[in-house]
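Residue numbers for the sequence shown follow the UniProt record's numbering, so the first one is 19 and each next one is one higher.
Beta carbons are placed, not taken as given, at the ideal position from N, Cα and C, and that holds for glycine.
Nothing here was measured: the structure is a model prediction, and the numbers come from that model.
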Amino acid sequence: LRDWCDQLRATDPVHRDERGVWHLFRHADVSAALADAATFSSETSAFLPAAAEGDAFRVANLTRMDPPRHRAMRGLVSTAFTPRLVSGLAPRISALTSELLDALAEASRLELVDALTYPLPVIVISELLGVPTEDRGTFRDWVDVLLSLNVDRDNLAASQQAVRSVAPTRAALIDYLRGQVDRRRVDPGEDLISALLAAEADGARLTEGEIVGLAATLLIAGHITTTGLLGNAMLLFDQHPEVVARLRDNRELLPSAIEEVLRVRPPFSLTMRATTREVELGGRTLPANQLVFLWLLSANRDETVFAEPDRFDLDRRNSHQLAFGRGIHFCLGAPLARLEARIALDLLLDRYAEFRVATDEPVEFYNPLVVNGPKRLPLLVTPA
Ligand code: HEM
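As structure tokens, then:
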């Protein structure tokens, strides 16, 4: 995927494929499209196989909404999901990471996804939403099914079939969340679902369907991406022992290291938009109503912005990596993802004098078009 992006960025940076989908590879073009929500609409459902009518994911998927509805809904979510709420989670994230690592005792071999990178984000987001963390095994099964959905644009009939086949899983997750919302309506707590129930902006409130949809979006967007980020960090640390050596001496460099991990291996390789009108970009004219793939992976490797893009550079000055997007849809969970990564990586450096990716077992990956990151990551470790 990476070589394909590099090649097209060099030879045909605003590319139209044989199916008629447009692809943007340069940092400038991807940024411009993200910044212009009026021309590049997030409402792309017309191009994708249809989910069931009234499906809660479609009712309130913030990422796939345009202004003015997006502005109103994001405003309501932001009143509940504040930077203060996120920074207040630091002690809890540290305690959870410690507990998960304690469970490994003095093991010299571990599978990091099961041990840490999957459970940590899912427990944090479940606690934040106020859904019982004991149910996380069930979420994992549901989310695995939903993420296994591989939409094949060449074969829309097969894709429709695939979408139908996950419908019961979507319905189960939605029913479950509806039950959680009802529980919080009667018995509010300090959690995000209770805050969403209470949130009010300009006299507007969220409907139950919207809260269920938002909770589903947060649950899904909020954990598997962070699993990807943590696993990608360990993969890159394995390839760059000099970086790990500097981090061991100076933990203040962790935020820069995390930005480089996000740049080099963004958990989302791409996002999508649909043109609302004819538009000029990179010397080409895109007609109205076209599906456009914005390659975040490629933008983050654009050599005109990031000199020697393959170099993992803790001292890179510019921070214009696009792993969290840009503009009005900029990732709402970015502060939380950065905080979880900083705490987890800091504790891994404390606990282990050395860690290496095992070579006698394969590292397995999620489908990189869905989440770019390891699904199984065997590590050999030396406890400190
Ligand atoms: C939006 C990436 C973690 C919630 C986005 C977008 C990207 C992204 C690229 C923009 C999509 C677009 O413009 O089409 C990531 C990455 C993460 C991460 C790489 C982890 C490393 C999280 C977490 C949460 C979250 C932890 C929630 C707790 C959201 C939400 C949106 C969003 C709600 C939609 C915002 C909007 O449309 O206004 N994320 N995300 N994300 N993210 Fe994240």
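Three or more beta-carbon pairs drawn from the region 378-395 and the region 245-263 are found closer than 8 Å, and the two stretches are therefore classed as touching.
If you ignore the 5 residues before and after Leu-365, its C-beta comes within less than 6 Å of the C-beta of Thr-115, all in its own chain and listed in chain order. In terms of side-chain proximity, the C-beta atom of Gly-351 is found nearer than 7 Å to a non-hydrogen atom of ligand 1. Annotation: Val-323 is outside any beta strand (DSSP E) and is labelled neither H nor E by DSSP. DSSP places Pro-396 in the uninterrupted beta strand (DSSP E) bounded by 396-401. Closest in alpha carbon position to Arg-82, among Tyr-370, Gly-300, Glu-296, Thr-235, is Thr-235. If you ignore the 5 residues before and after Arg-344, its C-beta comes within less than 7 Å of the C-beta of Ser-49, Leu-52, Ala-53, all in its own chain and listed in chain order. DSSP places Glu-129 in the uninterrupted beta strand (DSSP E) bounded by 127-129. Ranked by how close their Cα comes to the Cα of Phe-330, the residues Leu-387, Leu-312, Leu-272, Asn-385 have Leu-272 in first place. Between Leu-363 and Val-95, the C-beta spacing is not below 8 Å. The region 192-205 makes contact with the region 138-158, as at least three CB pairs between them are under 8 Å. A distance below 8 Å separates the beta carbons of Pro-137 and Leu-118. Under the three-state reduction of DSSP, Ala-46 is assigned to helix. Beta-bridge pairing by DSSP links Phe-373 to Val-399.
By the neighbour-count criterion, in which 16 or more other beta carbons inside 10 Å mark a residue as buried, Ala-113 falls on the exposed side. As DSSP reads the structure, Met-91 sits in no beta bridge. In the same chain as Ala-376, and ignoring 5 residues on each side of it, the C-beta atoms closer than 8 Å to its own belong to Arg-127, Pro-396, Leu-397, Leu-398, in chain order. For Phe-286, the shortest separation between its Cβ and any heavy atom of ligand 1 lies below 7 Å. Rounded to whole angstroms, the separation of the alpha carbons of Val-163 and Asn-307 is 31 Å.
Beta-bridge analysis with DSSP links Ser-59 to Ala-292. Under a 10 Å Cβ-count criterion, Arg-87 is classified as exposed, with fewer than 16 other Cβ atoms of the shown protein chains found around its own Cβ. About 6 Å separates the Cβ atoms of Glu-358 and Thr-244, confirming a contact at the 8 Å cut-off. Relative to ligand 1, the nearest heavy atom lies less than 7 Å away from the CB of Arg-92. Distances taken from the Cβ of Gly-343 to the heavy atoms of ligand 1 include one shorter than 7 Å.
Partner residues in a beta bridge of His-258, as assigned by DSSP, do not exist. In this structure, the alpha-carbon of Met-290 lies about 36 Å from that of Pro-109. In this structure, the beta-carbon distance from Leu-309 to Arg-264 does not fall below 8 Å. If you draw a straight line from the Cα of Ser-274 to the Cα of Val-261, it comes to about 11 Å.
In the structure shown, the three-state DSSP call for Arg-223 is strand.
By the neighbour-count criterion, in which 16 or more other beta carbons inside 10 Å mark a residue as buried, Gln-198 falls on the buried side. Look at Glu-382 here: in three-state DSSP terms it is strand. By the beta-carbon neighbour count (other beta carbons within 10 angstroms, threshold 16), Phe-348 is exposed. Excluding sequence positions up to five before and after Arg-302, its CB lies within less than 7 Å of the CB of Val-32, all in the same chain and listed in chain order. Taking C-beta atoms as the reference points, Ala-217 and Ala-90 fail to come closer than 8 Å. For the 8 Å CB-CB criterion, Arg-334 and Glu-278 form a contact. Look at Glu-208 here: in three-state DSSP terms it is coil, with no helix or strand label.
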